[in-house]
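Here's the structure we're looking at; comments come further down.
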C-alpha cells in the first residue's frame, strides 16, 4: 500500500491519503488440497449442464444423461484399475470413506477398527463414528505404517475372536510418503478381516489396480485430479456389495441413493482420462524443484526423502525460516 497526498491538498492537515494496491503474481501449488479445474473437465461439465433430464428415466433425455454417467464410470475405473461395476459414485471421498468404514463395520460385524497414527480426519472421524474400539497403529521414523504393529493387531483380533476393520491411507497428503500397501495387503488380504484404503492422494499419481488388490473397498476423489469438488467414488468388491449408508431410490446399483449428477460424474471421468497422461511429467518436475532447492541452500530438509513418495509432493523446511 502506497500513501500519496491528493494533488492540491498536500499542505492541508487531515487530508486522507490515496491507496494504491500493488498486484502480486502468485503461483498455486496446493494441488493436494484441490487441483485446478482441468479444461477437459470444464468442457465435460458444461456440456452435461446443457442437458435436462433424470438419468434414471427411460426416455431419451434420461438415457443421454445415463450414457454420460456410464462413460465417466468407465474412465474413472480405468484410472483406478477397477471394473466399471465396482465404481460407486458419492458426493465426496469423505462420504465414500464414511460409507466404507461405518457401513463396513456394520456389514462385517467388526469388533474394532485399526487405523494408522497418520490418518486423514476423514478416516479418523469415520472410525470414531462406528462407536467401536480404535486400535492405532504407530508410524516408523520415515512416516510409514509399522508392519510389525499391524501384524500384532491382527493376531490380537484373532485371539479375541473379533473381525478387525483396517483403514489406512495409501499416500500422505502432506509429505507424499507412500505407505507399504503391498505388505499390508499380504497381512490383511488372506484373513477374515476387512481392508479399506484411502487412495485419494494416490489416484493419478501411482498405478492403481483395485480389481487385483486385496482391498475390500477404496475411496477416491475428483477434485484432487482436476474435477470439480462435490464428486468422489467408493470402489467396492463384490462381497462388500451390501455396504451402504444411503438407501434412497436404488441408484448406483442400490449402493448409494440419490439422483446422480451426470455433470459432475462426466467431469470426473474427463479429468481421470487426462490424468493418465501426466504422471511421468509430475515426477520430472518434482526432481527439478528438489534440485533447485538444494542449489539454493544445502541446509534444506526434504521430508520423506529417503522413502517412497509420490511424484507431485515436495515437503521441505529450511532451518531458521518459519513456515
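Numbering (our numbering), first residue to last: 7 to 329. For glycine and all other residues, C-beta sits at the position ideal for the given N, C-alpha and C.
If you drop the 5 nearest sequence neighbours on each side, which residues of the same chain put their C-beta closer than 8 Å to that of residue i?
i           : result
residue 68  : 59, 60, 61, 62
residue 307 : 322, 323, 324, 325
residue 215 : 87
I believe residue i touches residue j by the beta-carbon criterion, under 8 Å. Please report the beta-carbon distance rounded to the nearest angstrom.
i           : j           : result
residue 88  : residue 241 : 5 Å
residue 197 : residue 160 : 6 Å
residue 132 : residue 107 : 4 Å
residue 206 : residue 99  : 5 Å
residue 178 : residue 124 : 6 Å
residue 200 : residue 172 : 7 Å
In this structure, how does DSSP classify residue i when only helix, strand and coil are distinguished?
i           : result
residue 205 : coil
residue 241 : strand
residue 19  : Note that residue 19 scores a pLDDT of 44, beneath 50, so its modelled location is shaky; the value from the coordinates is reported in the next line. Correct three-state label for residue 19: coil.
residue 147 : coil
residue 219 : coil
residue 233 : coil
residue 32  : coil
residue 192 : helix
residue 124 : coil
residue 156 : helix
residue 117 : strand
residue 138 : coil
residue 108 : helix
residue 328 : coil
Taking 6 Å as the limit between beta carbons, can you name the residues of its chain near residue i, skipping five residues before and five after?
i           : result
residue 249 : 109, 110, 113
residue 328 : none
residue 140 : 119, 133
residue 142 : 123
residue 203 : 176, 221, 224
residue 279 : 81
The beta strand (DSSP E) that contains residue i, what's its start and end?
i           : result
residue 93  : 93 to 96
residue 227 : 223 to 227
residue 80  : Note, residue 80: premise wrong, no beta strand (DSSP E); alpha helix (DSSP H) at 66 to 86.
residue 170 : 169 to 175
Can you list, in chain order, the residues of its chain whose CB lies under 7 Å from that of residue i, leaving out five sequence neighbours each side?
i           : result
residue 43  : 232, 234
residue 264 : 252, 254, 257
Could you please give the first and the last residue of the uninterrupted alpha helix (DSSP H) stretch that includes residue i?
i           : result
residue 275 : 268 to 281
residue 51  : 45 to 55
residue 257 : 257 to 260
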